[in-house]
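Engineer: Pasting in a structure now, in structure tokens, and then I'll have a few things to ask.
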Amino acid sequence: MADLEFYTIKDVQNMLQIGHVAAHALFLSDDFPGLKVGKSFRVEKKAFEKWCQSTKSIKLGYAWNGGKERG
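So for the sequence shown, this note's numbering puts the first residue at 908; every next one is plus one.
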């Protein structure tokens, strides 16, 4: 089996040009293929690329409001 390669939350943040809070919310969303390892977040590179190709938009709940939408 080939070794899996992963992106960190910082890698995803830089690639998508989003802030830390948005990146954290993305990793906590049900639609994102990320995982938490201890206190760190990771996403397998191929799963991330597939997600990017198949996802047109995503609405994020932010950490400062408990993942709930404002309104």
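For glycine and all other residues, C-beta sits at the position ideal for the given N, C-alpha and C.
The structure presented is a predicted model; accordingly, all values stated were derived computationally and were not measured.
(1) For Ala-915, which option in Gln-960, Ser-961, Lys-952, Ser-964 has the closest C-alpha, if you only look at C-alpha atoms?
(2) Cα separation between Leu-942 and Val-950?
(3) Can you name the start and end residues of the beta strand (DSSP E) that Leu-942 belongs to?
(4) Starting from the Cα of Leu-967, find the closest Cα among Met-922, Phe-934, Ala-954, Trp-958 and give me that residue.
(5) If I'm right that Ile-965 touches Ser-947 with Cβ under 8 Å, what's the distance once you round it to whole angstroms?
(6) Between Val-919 and Phe-955, how many whole angstroms is the CB-CB distance? I'm expecting something under 8 Å.
(7) In three-state terms, what does DSSP make of Ser-961?
Structural biologist: Looking at the atomic coordinates:
(1) Residue 915 is actually Thr in this sequence, not Ala. Checked all of Gln-960, Ser-961, Lys-952, Ser-964; the closest Cα to Thr-915 is Lys-952.
(2) 6 Å
(3) 942-944
(4) Phe-934
(5) Incorrect: roughly 21 Å between the Cβ atoms, too far for contact.
(6) 7 Å
(7) helix
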